Amino acid sequence: MALPLVAIVGRPNVGKSALFNRILGERRAIVDPMAGLTRDRLYAESEWRGRRFTIVDTAGLVLGKDRDEVPAQRELRRRMEEQSRLAIDEADLVLFVLDVREGLTAIDRDIAELLRRSRTQGVTPGGAAARTPVLVVANKADGRGRELLAHEFYELGLGDPWVISALHGTGSGDLLDTVVERLPPPRPELVDDQLAGRIAILGRPNVGKSSLLNAVIGDERSLVAAEPGTTRDPVDTRIMFAGKQLLLVDTAGIRRPGLTRGVEQYSLLRGLRAMERADVGIVVIDAREGINQQDVHIAGYVVEAGRGLVLALNKWDLLTPEEKEEKVWRRRIREQLNFAPWAPVSYISAKTGQRVTQPLEVALKVIDERHRRVATPELNRWLRSVLGQRDTPSRKGRRLRVMYATQAESATPTFVFFVNEPELVHFSYRRFLETQLRQAFGFEGTSIRLVFRRRGEEP
906 MALPLVAIVG RPNVGKSALF NRILGERRAI VDPMAGLTRD RLYAESEWRG RRFTIVDTAG
966 LVLGKDRDEV PAQRELRRRM EEQSRLAIDE ADLVLFVLDV REGLTAIDRD IAELLRRSRT
1026 QGVTPGGAAA RTPVLVVANK ADGRGRELLA HEFYELGLGD PWVISALHGT GSGDLLDTVV
1086 ERLPPPRPEL VDDQLAGRIA ILGRPNVGKS SLLNAVIGDE RSLVAAEPGT TRDPVDTRIM
1146 FAGKQLLLVD TAGIRRPGLT RGVEQYSLLR GLRAMERADV GIVVIDAREG INQQDVHIAG
1206 YVVEAGRGLV LALNKWDLLT PEEKEEKVWR RRIREQLNFA PWAPVSYISA KTGQRVTQPL
1266 EVALKVIDER HRRVATPELN RWLRSVLGQR DTPSRKGRRL RVMYATQAES ATPTFVFFVN
1326 EPELVHFSYR RFLETQLRQA FGFEGTSIRL VFRRRGEEP
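In structure tokens:
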């Protein structure tokens, strides 16, 4: 299910990042940290009052041209504007942040005009939701009387301002209440008995996503249909592959280089939103450049979302024989993607067609692995054998005791372990159990989740 997107926009230094962090800090969902993943990204999943959504902190908008800009500054400003425009275009709701201490500026007025041109309309706390709502957020109201300074923001014509202090949290709860009220209802995926699975082709710009896509669907005989959605919805492509129907998610996002050139993080964002609707993410990596931090982020999002992960090392034909040593690549992948050592790897050349269908072949196997079920008696026989291999963790004289386990009904393979005290579960022991579970039962290429519950709780 695709999550609604909330974009935070505004000129530099009005407190967008502080609001972003405040929203994440106030989320009610508790997510286990995953070792090996950095957290320096500008988009994340959050939850408020049971509604999940994706929040995006855009770059500061500085519209217009400054005659004193040097070319490098002009290019940076242009890229920042393009990133923010794309986020606005993709958003289901926009938070327009202003600084009550500095008051209304010419740049604020320019941004308000951009929002109006972007088919957005304002909403007030008591008003009706528009097609793409804008909430005006008067930030940095840190002291008494500061809220009175927000009155001039009314002249923007985007509705009543919400007066908050992102730094101290004042007013942020009321703002979030309105955010979740204005979000569109969830759009569940239609059940299609003929569909074998949904696959998203992901990767940073210029790694060969479009080449891989074209190589896969280039034969018109394999193309079933392109399925357009609404203006902001992706276009999916249905194909026949190995006698099965597959849905390639958001092929329009892959095939529109003009949209994503120079806006790496938001072309990535579009791919991540597509991944939310997929069963498996094929992450394309440029073999010439190796694995960089952006590749790690993309793969990490696939894992965090509980999807299957297939790595496609593209441009394999451009490497020298010495550079094609697969043992070296496997070691490199284990080191840099240490949170997903189970991810299968395909070495391909989308340009020459070398092994170009292999990622899809592997993805089909991963989809099958995601449907694997382990009977409770078999699972607990395995558990008893594993518990004898290694001492359970302990803390302050209290030792973890694992009573039994069961596999829960879930799209992502999920195993619930009933224990005496869940807080005693150490990350290293969680990883040990996952490794042993995979060795015994498979689940190659798919994320699995281990949940630890106190005995007596519902699974």
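Offset between the sequence shown (1-based) and this note's numbering: plus 905.
All C-beta atoms, glycine included, are put in the ideal place defined by N, C-alpha and C.
No experiment lies behind these values; they were computed from the predicted model shown.
- As a beta-bridge residue in DSSP terms, R956 pairs with W953.
- Annotation: the continuous beta strand (DSSP E) that includes L1040 extends over P1038 to N1044.
- In terms of CA proximity to L1000, I1016 leads the group L1216, R1289, G1008 and I1016.
- Per DSSP, V919 is not a residue of any beta strand (DSSP E), being assigned neither H nor E.
- In this structure, P917 and D997 do not form a Cβ contact; the two beta carbons are roughly 24 Å apart against a cut-off of 8 Å.
- Here W1234 carries a helix assignment [DSSP, helix/strand/coil].
- Shortest Cα-Cα distance from E1283 to any of L1003, V1307, L1342 and R1336 involves L1342.
- At least 7 Å separates the beta-carbon of I1187 from that of D1200.
- The bridge partners DSSP lists for W1067 are V1042.
- For Y1334, the uninterrupted alpha helix (DSSP H) run begins and ends at F1332 to F1346, by DSSP.
- Rounded to whole angstroms, the gap between the alpha carbons of P1249 and K1256 is 21 Å.
- Here the stretch 1281-1297 makes no contact with the stretch 1110-1125; the two share fewer than three CB pairs at distances below 8 Å.
- Residue environment: P1246 is assigned as exposed (fewer than 16 neighbouring CB atoms within 10 Å of its CB, all protein chains considered).
- DSSP places A1280 outside any beta strand (DSSP E), giving it a letter other than H or E.
- With respect to the C-alpha of V919, the residue from G1008, R1103, A1210 and V1208 having the closest C-alpha is G1008.
- The residue from V911, T963, L924 and E1057 with its alpha-carbon nearest to that of E950 is V911.
- Residue nearest to A1071 within the set L1063, E1060, A1147 and L1080 is L1080 (criterion: CA-CA distance).
- Classified as buried, R1109 has 16 or more neighbouring CB atoms from the shown chains inside 10 Å of its CB.
- In this structure G1350 touches V1215 by the C-beta definition: roughly 6 Å separates them, less than 8 Å.
- Cβ-Cβ distances below 7 Å link Q1259 to W1221, D1222 and I1253 in the same chain, with the five nearest sequence neighbours on each side left out; the list follows chain order.
- Ranking T1262, I1104 and T1311 by CA distance to the CA of R1286 puts T1311 first.
- Linking D1013 to Y1059 through their CA atoms gives a straight-line distance of about 12 Å.
- DSSP, reduced to helix, strand and coil, places K1220 outside both helices and strands of the structure shown, so it counts as coil.
- In summary, K1232 is exposed, with fewer than 16 beta-carbon neighbours lying within 10 Å of its beta-carbon over all protein chains present.
- With 16 or more other CB atoms across the displayed protein chains lying within 10 angstroms of its CB, T1142 is buried.
- The residues I1187, V1215, A1217 and S1251, in chain order, have a CB closer than 6 Å to that of P1264 in the same chain once the five nearest residues on each side in sequence are set aside.
- With fewer than 16 neighbouring CB atoms inside 10 Å of its own CB, R1358 falls in the exposed class.
- Scanning its chain for C-beta atoms nearer than 8 Å, with the 5 sequence neighbours on each side dropped, one finds around I1353 the residues T1317, P1318, T1319, F1320, E1339, L1342 and R1343, in chain order.
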